[in-house]
Amino acid sequence: MTAEPLEVPTLDEYWRNLESHLQPFSPEEQRVAVALYRELAKGTPVDAAQLGRALGAFSAESPRTASTTRDQALRLPGRQSTISTM
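Dropping the structure here:
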């Protein structure tokens, strides 16, 4: 029994099929994504505290405020969280 060859879509076909299922990022979500990519480009893992510092969202004096800010920064409205907290 021989399996049928798998038909692999071109990159453009794949993107067209995927694009309709994606929601655009808000300006704030774009800002968080760019900050995350910049931190990842340094070559080490990025935890929530480091991302928060890169976003200017953390205060060393107030862990409770920092936690709330971190949660707000990492929450993407209408989406499951895509950034895990460590």
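All residue numbers for the sequence shown refer to the working numbering, where the first residue is 11 and numbers rise by one.
Positions of the beta carbon are idealized from the N, C-alpha and C atoms, including for glycine.
Residue environment analysis places G53 among the exposed positions, since fewer than 16 neighbouring C-beta atoms fall within 10 angstroms of its C-beta.
The three-state secondary structure of E38, taken from DSSP, is helix. Judged by their CB atoms, L61 and L46 are nearer to each other than the 8 Å cut-off. Judged by DSSP secondary structure, E29 falls within the alpha helix (DSSP H) whose first and last residues are 21 to 29. Note on geometry: alpha-carbon atoms of L16 and S36 lie some 37 Å from one another.
Y24 and A59 have their C-alpha atoms spaced approximately 36 Å apart.
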